Each structure stands twice: as structure tokens, then as C-alpha cells.
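> One structure is given below, represented as C-alpha cells, and several questions about it will come after.
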Amino acid sequence: RRDDKSTLVGNDQEKKKKAVNFFRALLIPGVIEYSLCLFFVKLVTYTFLFWLPYYITSNGIGGRSYPKYQTNWLSTLYDVGDIIGGILCGLVSDLLKARALTCAVMLYLAIPSLYLYYEFGDESLQSTILLLLLCGTLINGPYAIITTAVSADLITNGEPKRQSHCYRHH
């Protein structure tokens, strides 16, 4: 019979193992690449978060200006795209079993979508809504995957026998 207390506390060998420190974590294959990717995705996301209401207020949409409270509501469409992107990126990456490829394709497609928003985002209310949803989907889909599934994959796929103790609760 297995002692439940031993699984909670751990045996002596588990106590001797140390958690992976910051510098050893950097040596796990893919950590630096995904960290840089996440940094730039967050940079774009937070730039949109703080800049978008101001941009819509100053430029207007379709020749019409909107009060600040309405531009705040319009800018939340980018966040709605975040939800759509997280689900879409998760489904595609699970079907293809290729998280890195899915993230890369979505981020490469985000580049022209940002340009399209720059060029046509203020043409009409419909173009603003569509392009904000598109940008949010393509930028924040990879963000959702990198912060969840990819983080777990990096630990388990690098050196499973030596790094699996990162999940254990001490």
C-alpha cells in the first residue's frame, strides 16, 4: 500500500533535487526564443491597450469623431479578438501538433493585419471592427499558447528526466 503522506512530502531523493535556477532554465531548448517572442507580443498588446483609444479619438472613424467612452468600448474589440485567437490557435496547434509553427504563422499574418489597420482602420466603423478583431486574433492567439502550453512543453521536452521535478510541489 502506498503511503499518501509520502507523495505529499516527497522522499529523500526528491528533497535532494533542486529546482531549476534562472540560468539553467535559459539553457532549456526554446526558452530564449519563446521568451523573446512573448516579449514582443506583449509589447504590441500593451501598446494597443494604452494607445488605441487615443488613436481612435484623435483620428476618428469614417470622418466622424467619437467620445472617449465610445473609443474605449471600440478598443475592447481587440480583446475580443484575443479570446477568438486563443481558442483558434489552441485548436490549430493541437490538430497539427505544431505549436511553434502555429504561433509563427499567426504572428507573420499579424504583420500585414497591423498595416491594414494602419491604412484602413479609420475608413469606416465596419473596417475598424473587422480589423481590430483580426489584429487581436492574430497577435494574442500565440500569446495565449506561449504562456500556457508552450511553457509546459519547454520543461517536459527539454530533458524530461532531469527537469520533470520542476512540476513537483515541495
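All you need for our numbering is the position in the sequence shown, starting with 1, plus 25.
The beta carbon of each residue, even a glycine, is placed where N, CA and C say it ideally should be.
In this text the structure is predicted, and so the values were computed from the model without any measurement.
Taking Cβ to Cβ, would you say S100 is nearer than 8 Å to I81?
Along the sequence shown, one-based indexing puts residue 100 at 75. Along the sequence shown, one-based indexing puts residue 81 at 56. Closer than 8 Å, so yes.
> Taking buried to mean at least 16 other C-beta atoms within 10 Å of its own C-beta, is I170 buried or exposed?
Mapped onto the sequence shown, residue 170 falls at position 145. It counts as buried.
> Output needed for L139: all residues of its chain with C-beta closer than 7 Å, excluding positions within five of it in sequence on either side, in chain order.
Here residue 139 refers to the residue found at position 114 of the sequence shown. Cβ within range, chain order: C160.
> Just to confirm before moving on: does the CB-CB distance between R124 and V175 stay below 8 Å?
Working through the sequence shown from its first residue, we reach residue 124 at position 99. Working through the sequence shown from its first residue, we reach residue 175 at position 150. Contact flag set, yes.
> Are the CB atoms of L156 and L141 within a distance shorter than 8 Å?
Within the sequence shown, the letter at position 116 stands for residue 141. Within the sequence shown, the letter at position 131 stands for residue 156. Yes, these two residues count as a Cβ contact at 8 Å.
> Could you name the residues that DSSP lists as bridge partners for R89?
Working through the sequence shown from its first residue, we reach residue 89 at position 64. For R89, which the question treats as bridged, DSSP gives the partners I86.
> Since K165 is in the alpha helix (DSSP H), which residue starts that stretch and which ends it?
Taking the first residue of the sequence shown as 1, we reach residue 165 at position 140. Per the sequence presented here, residue 165 reads as Asn, with Lys not at that position. Unbroken alpha helix (DSSP H) run through N165: 150-170.
> Going straight from the alpha carbon of I112 to that of I164, what length do you get?
To locate residue 112, count along the sequence shown from 1; it is residue 87. To locate residue 164, count along the sequence shown from 1; it is residue 139. Using only the alpha carbons, I get a separation of about 13 Å.
> Return the CA-CA distance between D178 and R49, expressed in angstroms with no decimal places.
Numbered from its first residue, the sequence shown carries residue 178 at position 153. Numbered from its first residue, the sequence shown carries residue 49 at position 24. Approximately 16 Å, taken between the alpha carbons.
> Contact between the stretch 142-154 and the stretch 86-96: three or more CB pairs below 8 Å?
Taking 8 Å as the limit for Cβ pairs, the verdict is that the stretch 86-96 does touch the stretch 142-154.
> Within 10 angstroms of its Cβ, does P54 collect 16 or more other Cβ (buried), or is it exposed?
The count along the sequence shown starts at 1 and reaches residue 54 at position 29. So P54 counts as exposed.
> Secondary structure at V46, three-state DSSP: helix, strand or coil?
Taking the sequence shown and counting its residues from 1, the one referred to as residue 46 is at position 21. Looking at the sequence itself, residue 46 is Asn, so the reference to Val does not match. Coil, per DSSP.
> According to the neighbour-count rule (16 or more other Cβ atoms, all chains shown, within 10 Å of its Cβ), is D107 buried or exposed?
If you number the sequence shown from 1, residue 107 lands on position 82. The residue is buried, with at least 16 neighbouring Cβ atoms inside 10 Å.
> For T70, tell me which candidate among T162, S90, E58 has the shortest Cα-Cα distance.
To locate residue 70, count along the sequence shown from 1; it is residue 45. Looking at the Cα atoms, T162 is the closest of the given residues.
> Drop a sphere of 10 angstroms on the beta-carbon of Y60, count the other beta-carbons inside from all chains shown, and report buried for 16 or more, exposed for fewer.
In the sequence shown, counting from the first residue as 1, residue 60 sits at position 35. For the record, residue 60 in the displayed sequence is Ser; it is not Tyr. Looking at its Cβ environment, which holds fewer than 16 other Cβ atoms inside 10 Å, S60 is exposed.
> Does DSSP put Y79 in a helix, a strand or coil?
Counted from its first residue, the sequence shown places residue 79 at position 54. DSSP places Y79 in helix when its eight states are reduced to three.
> Terminal residues of the continuous alpha helix (DSSP H) containing P137?
If you number the sequence shown from 1, residue 137 lands on position 112. Note, P137: alpha helix (DSSP H), 124-145.
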